[in-house]
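Structure first, commentary second.
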Amino acid sequence: MSEPLLVLDNITKNYGAIHALKGVSFSIGRGEVVALLGDNGAGKSTLVKIIAGGLEPSSGRMLFEGKEFLARTPAEAKAAGIETVYQDLSLCTNVDVVANFFMGREITRKVLGIPVLDETAMEQVVGNALANAGTRIPSLRTKVEHLSGGQRQAIELNRFVHWGGKLVLLDEPFAALGVEQTRRGLDMIRQVARQGIGVIIITHIMQQAFQVADRIVVIRQGVVAGDVPTNRTSPDAVIGMITGETLAGAGPAAEGQKRGPVQEERTI
Ligand SMILES: Nc1ncnc2c1ncn2[C@@H]1O[C@H](COP(=O)(O)OP(=O)(O)OP(=O)(O)O)[C@@H](O)[C@H]1O
Ligand SMILES: [Mg+2]
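Going by numbering that gives the first Met the number 0, 259 is the number at position 260 of the sequence shown; the sequence numbering is gapless.
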């Protein structure tokens, strides 16, 4: 087996007297989608912020592509290929899609020896990237403020892939999206993963986790309470791990006896 993309080794985080993470260890491979589940306050966002350089852990270490790596800032994480994709926080709403895609990396050409933006070339790159991903927006010259949350997310994710991102973190990415946009978002995540990118997604919707993830990692009170391949567990078993009623890794058979039928969709 190839080496994991990211290894978390005994990560802890204290906020003063609060022990938010008490020693979290798990890994994620290239092209793998991991759903991070857990109750409110379990420590999911704290963990994701630590991975993306937004928060310093109290102790523990991280290996990224086999090398010890701990980002001190989000910019440092981004430079290494690790990024959190928000619905709209990191796009500039008052400029268009192309400008957002190329922010800080614009293509220029020389006119009479003076560099000017090569808008046609940039439009082509963005147009191809979005078309390849099956993302539709009214026009590449639409200002981001006129796009929906799902469209913004699509642009962010495509930009991340285009610029060589390796591990993307999504903290409840579909919280404000409708059914159709959520479905498209989930499809897009699978497509991103097929390109070898690792994806960690936090969600409270059990059905989404089962739809999109290869593996489910459950955090409970700052520790890993379960780490199981999605196809070897069930929503009921995962609920048990979240609430602490089952031991980590207990299979669907054991759980099925204790609980009723699996519901279509559950919010935890
Ligand atoms: N900046 C902070 N200062 C102090 N305590 C914090 C801070 N951020 C989080 N915590 C605490 O750390 C614990 C874990 O919080 P975290 O936000 O990581 O949980 P979460 O699993 O993302 O929850 P949710 O599902 O509600 O988003 C909680 O007890 C929370 O109150
Ligand atoms: Mg959170």
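Every residue gets a Cβ at the ideal spot worked out from N, C-alpha and C, and that includes glycine.
Best match in the options for proximity to residue i [C-alpha to C-alpha]
i: V160; options: E118, Q194, G177, G22; result: Q194
i: T107; options: V96, F100, T119, N99; result: T119
i: A153; options: I204, R189, M121; result: R189
i: K142; options: S1, V97, K109, I199; result: V97
i: G30; options: A236, A212, G239; result: A212
i: I17; options: G221, G239, N230, I10; result: G221
i: V124; options: W162, A208, F173; result: W162
i: G22; options: G28, P3, T45; result: T45
i: A48; options: E67, G15, E82; result: According to the sequence provided, residue 48 is Lys. The question's Ala does not apply to it. K48 has its Cα closest to that of E82, out of E67, G15, E82.
i: L156; options: T72, L111, G80, G112; result: G80
i: G177; options: V115, A19, Q150; result: Q150
i: L20; options: S1, L35, S57, V33; result: S57
i: M121; options: M102, G112, A132; result: M102
Backbone CA spacing between residue i and residue j [nearest angstrom]
i: F100; j: G148; result: 16 Å
i: G184; j: H145; result: 19 Å
i: A78; j: N39; result: 31 Å
i: G52; j: A128; result: 27 Å
i: V84; j: A76; result: 13 Å
i: F68; j: L4; result: 11 Å
i: K66; j: E55; result: 18 Å
i: V261; j: M205; result: For V261, the pLDDT reaches just 40, beneath the cut-off of 50, and the residue's location in the model is therefore unreliable, leaving the point undetermined.
i: L35; j: G164; result: 20 Å
i: R135; j: R214; result: 29 Å
i: Y14; j: P137; result: 45 Å
i: G37; j: G133; result: 32 Å
Same chain only: Cβ atoms within 6 Å of residue i, ignoring 5 sequence neighbours per side
i: R140; result: D95
Own chain, CB closer than 7 Å to residue i, minus 5 neighbours either side, in chain order
i: F25; result: L7, V216, V223, D226
Integer-rounded CB distance, given that residue j should sit under 8 Å from residue i
i: L169; j: I218; result: Not quite, the Cβ-Cβ distance comes to about 15 Å (not below 8 Å), so this is no contact.
i: T92; j: G59; result: In fact, because the Cβ distance is near 37 Å, the residues do not count as touching under 8 Å.
i: E105; j: L116; result: 6 Å
Whose beta carbon lies closer than 6 Å to any heavy atom of ligand 1, going through the chain in order? Y14, I17, A19, G37, N39, G40, A41, G42, K43, S44, T45
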